[in-house]
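Data first, discussion second: the structure below is written as structure tokens.
Protein chains: 2
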Amino acid sequence: MSGSLSIVGLGPGSEAQVTPEATQVLMEATDIVGYGSYIDRLTPQRFVVLHRSGNGVELERAREALNLAVDGKKVALVTSGDPGVFAMAAAVFEAVDAQPKAWASVEIRILPGITALLAAAARVGAPIGNDFCAINLSDNLKPWALIEKRLRLAVEADFVIACYNPRSRARPDGFARVLTLLRQHTESKRIIAFARAVSTQHEQIKAILLEDCRPEMADMQTLVLIGNSATRMIEQNGKRWVYTPRLVGLRKSQ
Amino acid sequence: MSGSLSIVGLGPGSEAQVTPEATQVLMEATDIVGYGSYIDRLTPQRFVVLHRSGNGVELERAREALNLAVDGKKVALVTSGDPGVFAMAAAVFEAVDAQPKAWASVEIRILPGITALLAAAARVGAPIGNDFCAINLSDNLKPWALIEKRLRLAVEADFVIACYNPRSRARPDGFARVLTLLRQHTESKRIIAFARAVSTQHEQIKAILLEDCRPEMADMQTLVLIGNSATRMIEQNGKRWVYTPRLVGLRKSQ
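As given, the protein sequences belong to chains A and B, one line each in that order.
The letter at position 225 of the first sequence is residue 225 when you use the numbering used here, and the numbering goes up by one with no holes.
The letter at position 3 of the second sequence is residue 1003 when you use the numbering used here, and the numbering goes up by one with no holes.
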């Protein structure tokens, strides 16, 4: 009899942000599959088998998890944040789609988690109080031209923009190009927030104006939030908060 | 001495998706403020004071919560989903921004929650496996023309699109106009998912083609997900899954 595969979101880092259903599934799993540093976040149960994999081998990891499930295991495939947002859920369905018969009997379930966008927004204030978009700045899986096109259209739509994976050692220049594009298409006082390693002991939050941004302010652990044209920065109780008003345009036109 | 205000996301409905930190804050609160139906979801502690408010009075509710906090209470302001996504966090900062001295000493904290987009995506499969946006279809706080402009640009950017608040008794026609716009700007086989009352006993999930969509398939409790041009529908283990591949264009061009 086939087993099951639960694709589990662990949230941004803190145990206090892991949902009870995720904790439950991890306790009941016979096998846990994941990128090494996500496995390291767990306090494993006594008899569980841990399967660590390297970064950047998502399809291989998805197949490994599906194969364990088809062998009757109760598998938890762990990801940071939410499994549906630039993480493992899509990789699992890509694998299933390519070999529909191989894993036809596996019971698949996805458990949502607090994605970096929500965790970062909560620390920054209320930056996504209006319509927003999320763009993965990694060009490993799509052409850079598409990223720039989406950014330009997102600015034109006046979305608040969340940038995932803004910069890495393998991709040092992309985020500099994003800042150049923003300087061409928005005003220099546009508000930008950098939220790094949110909810961990290495957390760093910074909210500044576009004119003061430098590419090296972002790294692989940073979520960058670009305000829309109405986003504001206020001081309260010794803190700097960023928020985007819910109301747009109606005051003037009505 | 001033108290504190925690703006707490309760997730989409199930207790199993409420974060431990949210549960902790609710246990320690002296006062809980919220829309009646969110208050009804709680199992209140013995001495807590509940402050129910009507729907659609967000600024008033924000001021009430801030006033209780400035009086020294430990206040939890509860919202469904995530407080930053079309919910109470922005309303609180709008209130603070309008009267900066009134609540200068209140300690404000935001606790993220599983927003409807993540909960719905998890039930549907992996629809937001690529870049996405979220648009609130309510025109209470912005002109309808801006909603249509954002939808058109989102389709042009080939974002997966999440529509919050697609339809209500007060706004019966907006979602019909969205379907008309989609029929003009995308193909008739575009995949659309309707996720209603996710994680509750009234949950309903439906994934169909644009050509089969009718406006009345959405209501106030529905999150509508519009696939991008590459979103696929597959059958596996008796279920219909929707996913959006991570890879775009590179196979052909490289």
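Yeah, the Cβ is synthetic: ideal placement off N, Cα and C, and Gly gets one too.
Query raised in the report: Counting contacts by CB-CB distance shorter than 8 Å, is Thr1079 of chain B in contact with chain A?
Result: Output row for Thr1079 of chain B: interface = no.
Requested in this report: Indicate the three-state DSSP secondary structure (helix, strand or coil) for Ser37 of chain A in the structure shown.
Outcome: The answer is helix: DSSP assigns Ser37 of chain A an H, G or I state.
Query raised in the report: Could you give the uninterrupted runs of the beta strand (DSSP E) lying entirely in the stretch 1028-1091 of chain B, keeping only those of 3 residues or more?
Result: Whole beta strand (DSSP E) segments, 3+ residues: 1031-1035, 1049-1053, 1074-1079.
Query raised in the report: the stretch 76-101 of chain A: which residues have C-beta closer than 9 Å to a C-beta of chain B, in chain order?
Result: Along the stretch 76-101 of chain A, going in chain order, the ones with a CB nearer than 9 Å to a CB of chain B are Asp82, Pro83, Gly84, Val85, Phe86, Ala87, Met88, Ala89, Ala90, Ala91, Val92, Phe93, Glu94, Val96, Asp97, Pro100.
Query - the stretch 1076-1086 of chain B contacting the stretch 1196-1207 of chain B, beta-carbon criterion three pairs below 8 Å - result: No contact exists between the stretch 1076-1086 of chain B and the stretch 1196-1207 of chain B.
Requested in this report: Below 8 Å on the Cβ atoms is my guess for Leu77 of chain A versus Val25 of chain A; work out the distance and round it to an integer in Å.
Outcome: Between Leu77 of chain A and Val25 of chain A the beta-carbon gap is near 10 Å, outside 8 Å, which marks them as no contact.
Report task. Give a yes or no on whether the minimum CB-CB distance between Lys1149 of chain B and chain A is below 8 Å. Result -> Output row for Lys1149 of chain B: interface = yes.
**Report entry** Gln201 of chain A, DSSP secondary structure in three states
**Finding:** Assigned with DSSP and collapsed to three states, Gln201 of chain A falls in coil, not helix or strand.
Query raised in the report: Taking Cβ-Cβ distances shorter than 7 Å, what residues in chain B pair up with Trp241 of chain A?
Result: Phe1093, listed in chain order.
Query raised in the report: Below 8 Å, can you find three or more Cβ-Cβ pairs linking the stretch 1179-1194 of chain B to the stretch 180-193 of chain A?
Result: Note that the stretch 1179-1194 of chain B does not touch the stretch 180-193 of chain A; fewer than 3 beta-carbon pairs, one per stretch, sit closer than 8 Å.
Report task. Go ahead and pull the three-state DSSP assignment for Ser1253 of chain B. Result -> Residue confidence is low: Ser1253 of chain B scores 37 on pLDDT, short of 50, so the model does not pin down where it sits. No coordinate-derived value is stated.
Query - Helix, strand or coil at Arg1214 of chain B according to DSSP, with G and I counted as helix - result: Correct three-state label for Arg1214 of chain B: coil.
Requested in this report: Verify the CB distance criterion: does Leu1206 of chain B have a CB-CB separation below 8 Å to chain A?
Outcome: Sequence inspection shows Lys at residue 1206 of chain B; the Leu mentioned does not correspond to that position. Lys1206 of chain B does not count as touching chain A.
Query raised in the report: Quick one: Cα of Val18 of chain A to Cα of Met27 of chain A, how far?
Result: So the alpha carbons of these two residues sit roughly 13 Å apart.
Query - Sequence-distant residues of its chain with Cβ nearer than 7 Å to Ala1218 of chain B (five each side left out) - result: Taking Ala1218 of chain B as the centre and dropping the five residues before and after it, the same chain places the C-beta of Pro1166, Arg1167, Phe1175, Phe1194, Val1224 closer than 7 Å to its C-beta, in chain order.
Query raised in the report: Can the beta-carbon of Cys1133 of chain B be found less than 8 Å from the beta-carbon of Ile1161 of chain B?
Result: By the CB criterion at 8 Å, Cys1133 of chain B and Ile1161 of chain B fall inside the cutoff.
Query raised in the report: Name the DSSP beta bridge partners of Thr1222 of chain B, please?
Result: For Thr1222 of chain B, the pairing in a beta bridge is given by DSSP as B:Arg1196.
Query raised in the report: Alpha carbon to alpha carbon, what distance is there between Ala1022 of chain B and Thr1030 of chain B?
Result: Inter-residue distance for Thr1030 of chain B and Ala1022 of chain B is about 14 Å (C-alpha atoms, whole angstroms).
Query raised in the report: Roughly how many angstroms separate the alpha carbons of Arg1046 of chain B and Pro20 of chain A, rounded to a whole number?
Result: Rounded to the nearest angstrom, the two C-alpha atoms are 23 Å apart.
Query raised in the report: Any idea if Arg63 of chain A is buried or exposed, counting beta-carbon neighbours within 10 angstroms, 16 or more meaning buried?
Result: Arg63 of chain A is buried by the Cβ-count criterion.
Query - Ile1226 of chain B versus Gly249 of chain A: straight-line alpha-carbon distance, rounded - result: The alpha-carbon of Ile1226 of chain B is positioned some 26 Å away from that of Gly249 of chain A.
**Report entry** Under the three-state DSSP convention, the category Gln24 of chain A falls into
**Finding:** Gln24 of chain A: helix per DSSP, three-state reduction.
**Report entry** Burial state of Asp131 of chain A (16 or more Cβ within 10 Å)
**Finding:** Result: buried.
Query raised in the report: So does Met217 of chain A have its beta carbon nearer than 7 Å to some heavy atom of the ligand MG?
Result: Summarising the ligand content, the structure contains no ligands, and the ligand MG is consequently not present.
Query raised in the report: When DSSP builds the beta bridges, which residues end up paired with Val1242 of chain B?
Result: For Val1242 of chain B, which the question treats as bridged, DSSP gives the partners B:Gly1125, B:Met1233.
Query - Cβ-based neighbour list, Arg150 of chain A, same chain, cut-off 7 Å, excluding 5 preceding and 5 following - result: Counting only Cβ-Cβ distances below 7 Å, and skipping sequence neighbours, we find Ile135.
Query raised in the report: Out of B:Ile1234, B:Asp1139, B:Val1155, which has the shortest C-alpha to C-alpha gap to Ala1164 of chain B?
Result: Sequence check: residue 1164 of chain B is Tyr here, not Ala. Minimum Cα distance to Tyr1164 of chain B is reached at B:Asp1139.
**Report entry** Counted within 10 angstroms of its Cβ, other Cβ atoms place Met233 of chain A as buried (16 or more) or exposed
**Finding:** Within 10 angstroms of the beta-carbon of Met233 of chain A lie 16 or more other beta-carbons, which makes it buried.
Query raised in the report: At a CB-CB cut-off below 9 Å, which residues of chain A make contact with Glu1064 of chain B?
Result: Close to Glu1064 of chain B, with beta-carbon spacing below 9 Å, lies no residue of chain A; the smallest spacing is near 18 Å.
Query raised in the report: Start and end of the beta strand (DSSP E) containing Arg1109 of chain B?
Result: Its beta strand (DSSP E) spans residues 1107-1111.
Report task. Classify Gly174 of chain A as helix, strand or coil using the three-state DSSP reduction. Result -> Reduced to three states, the DSSP call for Gly174 of chain A is helix.
Query raised in the report: What residues from chain B crowd round Asn136 of chain A, counting only those whose CB sits closer than 7 Å?
Result: Neighbours of Asn136 of chain A on chain B, chain order: Asp1131.
Query - For Ala134 of chain A, the residue or residues it bridges with in DSSP - result: A:Ala162, B:Phe1132.
Query raised in the report: Taking C-beta to C-beta, are Val94 of chain A and Leu59 of chain A nearer than 8 Å?
Result: The amino acid occupying residue 94 of chain A in the given sequence is Glu; Val does not appear at that position. For the 8 Å CB-CB criterion, Glu94 of chain A and Leu59 of chain A form a contact.
Query raised in the report: On the three-state DSSP scale, how would you describe Lys149 of chain A?
Result: Lys149 of chain A sits in a helix when the DSSP states are folded into three classes.
Query raised in the report: In whole angstroms, what is the alpha-carbon distance linking Leu1181 of chain B and Gly129 of chain A?
Result: Going by the C-alpha atoms only, they are around 25 Å apart.
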